[in-house]
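Asker: One structure coming up, written as structure tokens, with questions to follow.
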Amino acid sequence: MTSRRRFIQIVPVAGAALLGASAASAQANMVGEKDAQAVALGYVADATKADKAKYKQYAAGQTCANCALYQGKAADAAGGCPLFGTKQVAGKGWCSAWAKKG
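Read left to right, the sequence shown gives residues 32 to 133 (this note's numbering).
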């Protein structure tokens, strides 16, 4: 049987551990710029770093968050994209498949 005092000591530690695991899991679920699909589409986590010489269709202001394919809310730091399966893209990211939200 766990005493109330022991329970009160354990709960904050367990909560912090779950938060840490959740953050690590979210980070692991992000598309990496070196992933094969990301490389093929010119994906970058920061749209301002898009290769403007290679991707002439890039225009300032285009980000994953304002792309028609983005499955998160515009204010979300990250969200899903059907081009990357179960992985998430950065809201501030960009790739060559960017399409204007209609």
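For each residue, glycine too, the CB sits at the ideal point set by N, CA and C.
1. For the candidate residues 127, 133, 112, whose alpha-carbon lies nearest to that of residue 60?
2. By DSSP, does residue 70 sit in helix, in strand, or in coil?
3. Could you tell me whether the segment 118-128 touches the segment 74-81, where touching means 3 or more Cβ pairs closer than 8 angstroms?
4. Spatial neighbours of residue 115 within its chain, please: CB distance less than 7 angstroms, with the 5 preceding and 5 following residues excluded, ordered by chain position.
5. Assign residue 122 to one of two classes, buried (16 or more other C-beta atoms within 10 Å of its C-beta) or exposed (fewer than that).
Answerer: Taking the coordinates as given:
1. Sequence index remark: in the sequence shown, residue 60 carries index 29 (1-based). It is 112.
2. Taking the sequence shown and counting its residues from 1, one reaches residue 70 at position 39. Note: residue 70 maps to helix in three-state DSSP.
3. yes
4. Start at 1 with the first residue of the sequence shown, and residue 115 comes out as number 84. Closer than 7 angstroms at the Cβ level, and outside the excluded window around residue 115, lie 62, 68.
5. Translated into positions along the sequence shown, residue 122 becomes position 91. By the 10 Å Cβ count, residue 122 comes out buried.
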